Amino acid sequence: MLRCGMDQLRVATPEDRAKVSELLGLSYAALMAEAYPADLLVRALPSITKANLTLLASGRYAVIEEETGRLVACGGWSVDRPGSHEVMPGLAHIRHFAVHPERVRHGLGRRLYAWCEDAARAAGMTAFECHASLNAEGFYRALGFARSREMSLQLTADVTLPAIEMKSSLLYSESLPPR
(Lines of atoms letter the chains of each structure in order from A and count residues from 1; the text may use other names and numbers.)
(Lines give C-alpha, C1' and ligand atoms only; values in the text may rest on other atoms or scores of the structure.)
Protein backbone atom coordinates (compact mmCIF):
# COMPACT_ATOMS: atom_id res chain seq x y z
CA MET A 1 0.00 0.00 0.00
CA LEU A 2 1.40 3.42 -0.98
CA ARG A 3 0.22 6.74 0.41
CA CYS A 4 0.51 10.17 -1.16
CA GLY A 5 -1.18 12.83 0.95
CA MET A 6 -4.51 11.30 1.84
CA ASP A 7 -4.73 9.21 -1.34
CA GLN A 8 -3.86 5.53 -1.02
CA LEU A 9 -2.72 3.26 -3.85
CA ARG A 10 -3.62 -0.37 -3.24
CA VAL A 11 -4.10 -3.57 -5.19
CA ALA A 12 -7.72 -3.92 -6.27
CA THR A 13 -9.93 -6.89 -5.40
CA PRO A 14 -13.19 -8.22 -6.86
CA GLU A 15 -14.98 -6.35 -4.05
CA ASP A 16 -14.00 -3.11 -5.82
CA ARG A 17 -16.12 -4.02 -8.85
CA ALA A 18 -18.96 -1.52 -8.31
CA LYS A 19 -16.66 1.39 -7.42
CA VAL A 20 -14.33 0.69 -10.36
CA SER A 21 -17.27 0.51 -12.76
CA GLU A 22 -18.60 3.80 -11.38
CA LEU A 23 -15.20 5.47 -11.82
CA LEU A 24 -14.81 4.11 -15.37
CA GLY A 25 -18.25 5.50 -16.23
CA LEU A 26 -17.56 8.96 -14.78
CA SER A 27 -14.10 9.22 -16.28
CA TYR A 28 -14.79 7.90 -19.75
CA ALA A 29 -18.04 9.84 -20.21
CA ALA A 30 -16.32 13.12 -19.33
CA LEU A 31 -12.86 12.67 -20.82
CA MET A 32 -13.72 10.83 -24.03
CA ALA A 33 -16.35 13.43 -24.99
CA GLU A 34 -13.64 15.66 -26.49
CA ALA A 35 -12.51 12.94 -28.91
CA TYR A 36 -15.62 10.98 -29.89
CA PRO A 37 -19.10 11.88 -31.18
CA ALA A 38 -21.80 11.80 -28.50
CA ASP A 39 -23.88 9.20 -30.35
CA LEU A 40 -20.89 6.82 -30.48
CA LEU A 41 -20.15 7.27 -26.77
CA VAL A 42 -23.77 6.51 -25.84
CA ARG A 43 -23.40 3.16 -27.62
CA ALA A 44 -19.79 2.43 -26.56
CA LEU A 45 -19.75 3.35 -22.87
CA PRO A 46 -21.85 0.38 -21.66
CA SER A 47 -19.22 -1.98 -23.13
CA ILE A 48 -16.12 -0.24 -21.76
CA THR A 49 -17.20 0.92 -18.32
CA LYS A 50 -17.71 -2.46 -16.66
CA ALA A 51 -14.96 -3.53 -14.29
CA ASN A 52 -13.16 -6.65 -15.49
CA LEU A 53 -13.36 -9.25 -12.71
CA THR A 54 -10.37 -11.16 -14.07
CA LEU A 55 -8.24 -8.02 -13.81
CA LEU A 56 -9.61 -7.20 -10.35
CA ALA A 57 -8.64 -10.67 -9.10
CA SER A 58 -5.24 -10.77 -10.84
CA GLY A 59 -3.15 -8.75 -8.39
CA ARG A 60 -2.15 -6.64 -11.40
CA TYR A 61 -4.84 -3.99 -11.09
CA ALA A 62 -4.71 -1.11 -8.62
CA VAL A 63 -6.89 1.69 -7.39
CA ILE A 64 -6.14 5.01 -5.76
CA GLU A 65 -8.70 5.99 -3.17
CA GLU A 66 -9.27 9.03 -1.04
CA GLU A 67 -9.52 8.78 2.73
CA THR A 68 -13.32 8.82 2.29
CA GLY A 69 -13.13 5.61 0.23
CA ARG A 70 -13.95 7.31 -3.08
CA LEU A 71 -11.89 5.89 -5.93
CA VAL A 72 -10.10 8.58 -7.92
CA ALA A 73 -7.98 6.43 -10.25
CA CYS A 74 -7.68 2.85 -11.42
CA GLY A 75 -5.58 0.87 -13.85
CA GLY A 76 -3.45 -2.18 -14.32
CA TRP A 77 -1.78 -4.58 -16.69
CA SER A 78 -2.06 -8.11 -18.00
CA VAL A 79 0.04 -10.58 -19.94
CA ASP A 80 -2.85 -11.52 -22.25
CA ARG A 81 -3.83 -9.19 -25.07
CA PRO A 82 -7.21 -7.46 -24.48
CA GLY A 83 -10.01 -9.22 -26.30
CA SER A 84 -8.08 -12.47 -26.66
CA HIS A 85 -6.03 -14.88 -24.61
CA GLU A 86 -2.97 -14.33 -26.79
CA VAL A 87 0.26 -14.12 -24.81
CA MET A 88 3.56 -13.01 -26.28
CA PRO A 89 6.69 -13.56 -24.16
CA GLY A 90 7.85 -10.32 -22.54
CA LEU A 91 4.87 -8.26 -23.72
CA ALA A 92 2.45 -6.83 -21.15
CA HIS A 93 -0.69 -4.80 -21.80
CA ILE A 94 -1.88 -1.65 -20.02
CA ARG A 95 -5.52 -2.14 -19.06
CA HIS A 96 -8.57 -0.08 -18.10
CA PHE A 97 -6.92 3.12 -16.84
CA ALA A 98 -9.21 5.88 -15.58
CA VAL A 99 -8.89 9.02 -13.46
CA HIS A 100 -11.81 10.86 -11.88
CA PRO A 101 -12.55 13.98 -13.98
CA GLU A 102 -12.05 16.20 -10.90
CA ARG A 103 -8.55 14.78 -10.36
CA VAL A 104 -7.12 14.77 -13.90
CA ARG A 105 -3.61 16.22 -14.23
CA HIS A 106 -2.72 15.64 -10.58
CA GLY A 107 -0.25 12.79 -11.23
CA LEU A 108 -2.60 9.93 -10.37
CA GLY A 109 -2.40 8.25 -13.78
CA ARG A 110 1.38 8.60 -13.79
CA ARG A 111 1.52 7.11 -10.29
CA LEU A 112 -0.56 4.11 -11.36
CA TYR A 113 1.58 3.66 -14.45
CA ALA A 114 4.77 3.67 -12.34
CA TRP A 115 3.24 0.93 -10.16
CA CYS A 116 2.39 -1.10 -13.28
CA GLU A 117 5.83 -0.55 -14.79
CA ASP A 118 7.62 -1.70 -11.63
CA ALA A 119 5.42 -4.79 -11.28
CA ALA A 120 5.65 -5.76 -14.95
CA ARG A 121 9.42 -5.35 -15.00
CA ALA A 122 9.70 -7.48 -11.82
CA ALA A 123 7.62 -10.15 -13.59
CA GLY A 124 10.11 -10.23 -16.48
CA MET A 125 8.13 -8.15 -18.96
CA THR A 126 10.20 -6.14 -21.45
CA ALA A 127 7.55 -4.04 -23.21
CA PHE A 128 4.10 -2.56 -22.74
CA GLU A 129 1.37 -2.25 -25.34
CA CYS A 130 -1.87 -0.35 -24.92
CA HIS A 131 -5.00 0.31 -26.92
CA ALA A 132 -5.37 4.02 -26.17
CA SER A 133 -8.56 5.95 -26.68
CA LEU A 134 -8.05 8.95 -28.96
CA ASN A 135 -8.15 11.36 -26.01
CA ALA A 136 -5.49 9.38 -24.08
CA GLU A 137 -2.75 9.38 -26.73
CA GLY A 138 -1.03 12.42 -25.19
CA PHE A 139 -1.01 10.84 -21.72
CA TYR A 140 0.67 7.68 -22.99
CA ARG A 141 3.09 9.63 -25.18
CA ALA A 142 4.18 11.58 -22.07
CA LEU A 143 4.93 8.23 -20.41
CA GLY A 144 7.22 7.22 -23.27
CA PHE A 145 4.82 5.26 -25.47
CA ALA A 146 5.03 5.55 -29.25
CA ARG A 147 2.15 5.21 -31.67
CA SER A 148 2.20 1.88 -33.53
CA ARG A 149 -0.97 2.13 -35.58
CA GLU A 150 -4.54 3.35 -35.69
CA MET A 151 -7.03 0.62 -34.93
CA SER A 152 -10.71 -0.07 -34.34
CA LEU A 153 -11.97 -1.87 -31.25
CA GLN A 154 -15.01 -4.02 -32.03
CA LEU A 155 -17.07 -3.58 -28.84
CA THR A 156 -20.29 -5.18 -30.03
CA ALA A 157 -21.63 -6.43 -33.35
CA ASP A 158 -22.56 -2.86 -34.32
CA VAL A 159 -20.23 -0.65 -32.22
CA THR A 160 -16.64 0.03 -33.23
CA LEU A 161 -14.44 2.49 -31.34
CA PRO A 162 -11.43 4.13 -33.03
CA ALA A 163 -8.28 3.73 -30.93
CA ILE A 164 -4.50 3.86 -31.17
CA GLU A 165 -2.14 0.98 -30.47
CA MET A 166 0.91 2.26 -28.62
CA LYS A 167 4.07 0.56 -27.32
CA SER A 168 6.78 1.30 -24.78
CA SER A 169 9.97 -0.50 -23.77
CA LEU A 170 10.52 -1.66 -20.20
CA LEU A 171 14.17 -2.56 -20.79
CA TYR A 172 15.26 0.77 -19.39
CA SER A 173 13.29 3.39 -17.54
CA GLU A 174 13.27 6.44 -19.76
CA SER A 175 9.49 6.55 -19.71
CA LEU A 176 9.31 8.31 -16.37
CA PRO A 177 11.55 10.87 -14.70
CA PRO A 178 13.42 9.65 -11.60
CA ARG A 179 11.21 9.21 -8.56
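Heads up: the sequence shown runs through residues 0 to 178, numbered per numbering that gives the first Met the number 0. From the three backbone atoms N, C-alpha and C, an ideal C-beta is built for every residue, glycine too. In this text, all values refer to a predicted model and were calculated from it rather than measured experimentally.
Could you spell out where the beta strand (DSSP E) holding residue i opens and where it closes?
i	result
Asp15	Neither: Asp15 is in no beta strand (DSSP E) and is coded neither H nor E.
Are the CB atoms of residue i and residue j nearer to each other than 8 Å?
i	j	result
Met31	Ser132	yes
Ala28	Leu39	no
Gly75	His105	no
Quick one: is residue i buried, meaning 16 or more other Cβ sit within 10 Å of its Cβ, or exposed?
i	result
Thr219	The structure shown does not extend to residue 219, since the chain is modelled only from 0 through 178, so no value can be given for it.
Pro177	Because Pro177 sits at a pLDDT of 41, beneath the cut-off of 50, its placement in the model cannot be relied upon, and the point is left open.
Val98	buried
His84	exposed
Asp6	buried
Report the residue from the options whose alpha carbon sits nearest the alpha carbon of residue i.
i	options	result
Ser57	Cys115, Ile163, Leu70 and Leu39	Cys115
Ile163	Ala141, Glu136, Leu170 and Ala29	Glu136
Thr53	Arg69, Ala17, Glu33 and Ser77	Ser77
Phe127	Pro100, Arg102, Leu160 and Leu170	Leu170
Leu160	Ala50, Thr125, Ala34 and Gly143	Ala34
Val19	Val86, Asn134 and Ile47	Ile47
Ser25	Ile93, Pro100 and Gly68	Residue identity check: residue 25 is Leu in the sequence provided, not Ser. Residue Pro100 is the option with its Cα nearest to Leu25.
Determine the extent of the alpha helix (DSSP H) in which residue i is found, giving its start and end residues.
i	result
Val98	Val98 -> not in any alpha helix (DSSP H); beta strand (DSSP E) instead, spanning Leu90 to Val98.
Gly108	Leu107 to Ala121
If I'm right that residue i touches residue j with Cβ under 8 Å, what's the distance once you round it to whole angstroms?
i	j	result
Leu107	Val71	6 Å
Val62	Asp15	6 Å
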